[in-house]
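Written below as structure tokens is the structure these notes are about.
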Amino acid sequence: MAAREIFNPYRTPGLDMKQHYGMHQSMGVKAGGFIFFSGMYALDPSTGERLHGTVTSETRIILENLQSMLAHAGLSLDRLVQIHALIYDRIEYDVLNRIYRQFMPNPPPARTVWSVQLDAGFKIQIDAVAAA
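In our numbering, the protein residues as written are 1 to 132.
Written as structure tokens, this is what we have:
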């Protein structure tokens, strides 16, 4: 395996921010036995349509997309080792946790949450690292 290779398990461009929105990033990169997923927003995986909503709905969409990407690689959410979540307002932290618990294995991966101003009116962005 090369030291670093692009990881793109999809045949559709919906989650590919570089192809769909012109952002200079890879969907994921596989290196050193890990897969590093770029920051993900709530997007329709087939069309790339932005799916604005609540922290709950956007988080669910992102985690479902992440789960699907992992499944295409023969992996599951229990392979996650780190999550970074960016939310638009710290007051939504408990809301994030409620939906997050529904998806994450026990014990959950390491996680950091920041409150920041996000692009395009989204409420949350998540990036992840999984053990390949």
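The beta carbon of each residue, even a glycine, is placed where N, CA and C say it ideally should be.
Residue i in three-state terms, based on DSSP
i   : result
E5  : strand
G39 : strand
A31 : strand
Q67 : helix
D16 : coil
H72 : helix
S26 : coil
Assumed close pair residue i, residue j - CB separation to whole angstroms, cut-off 8 Å
i    : j    : result
L43  : G74  : Rounded, the Cβ-Cβ distance is 23 Å, inconsistent with contact.
F103 : L77  : 6 Å
V81  : P107 : Not a contact, Cβ separation roughly 11 Å.
G39  : I126 : 7 Å
G33  : A131 : 7 Å
S115 : R98  : About 17 Å; that fails the 8 Å criterion.
Bridge partners - residue i, DSSP secondary structure assignment
i   : result
R50 : L43
Q82 : A110, V129
Check: residue i C-beta below 7 Å from any heavy atom of the ligand GDP
i   : result
G33 : Of the ligands one can find in the structure shown there are none, so the ligand GDP has no counterpart to examine.
Cutoff 8 Å: residue i Cβ touching any chain B Cβ
i  : result
R4 : Looking at the structure shown, chain B is missing, and only one protein chain is on hand.
Please specify which runs of the beta strand (DSSP E), each continuous and at least 3 residues long, are wholly inside the region 84-130, giving them in chain order. 110-115
For the structure I just gave you, are there three or more beta carbon pairs, one from the region 27-36 and one from the region 45-63, closer than 8 Å? no
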